[in-house]
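Enquirer:
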Amino acid sequence: MLEELKAAEPAERGADTLTLDGAEWLGWLSIPSLELELPVQAEWSYPALKTSPCRYAGTPEAGLVIAAHNYEQHFARLNLLTAGDTVEFTDVSGTAHRYTVMQVETLAPTAVEEMTGGDWDLTLFT
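At position 111 of the sequence shown the residue is numbered 125 (our numbering), and the sequence of numbers has no breaks.
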């Protein structure tokens, strides 16, 4: 799926998303220190989370929040990130947005406001 997303023709791309295999894709996430490279769906739902990380809120330009299950192939090892690690999100137009990990924090499952209400450029959660 990731390679198909990266190789899609420009005509298949919408303004912010790409439709592929019946799903809307926002782009892909790369976390080199965890050896992860994952496609990101444009909108979250419980069924969508079973296959890939999903945008929970925001945009790459304004506080992107990405959710995923703690499956081994998804976000199970997020707690291993450390300050200074890099994370990159590439949108479907090919624009790379680079981030540096500033903080890793464990929140209560009900702490939705803390996950979405901060001034962070990127938030990843499971």
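Note that the Cβ used here is the ideal one computed from N, Cα and C, for glycine as well.
Using 8 Å as the threshold, is the C-beta distance between P67 and L43 below it?
Expert: yes
Enquirer: What's the call for L78, buried or exposed, on a 16-neighbour Cβ count within 10 Å?
Expert: buried
Enquirer: Determine the extent of the beta strand (DSSP E) in which L63 is found, giving its start and end residues.
Expert: Run containing L63: none in the beta strand (DSSP E); it sits in the alpha helix (DSSP H), 60–63.
Enquirer: Does the distance from the CB of T109 to the CB of T100 come in under 8 Å?
Expert: Taking 8 Å as the Cβ cut-off, T109 and T100 do not qualify as a contacting pair.
Enquirer: Looking only at its chain, what residues have a beta carbon closer than 8 Å to the beta carbon of T55, apart from the 5 residues adjacent to it on each side?
Expert: Just to set this straight, residue 55 is Gln in the shown sequence, not Thr. Hits under 8 Å: A37, E38, W39, L40, A62, T65, S66, P67, C68, R69.
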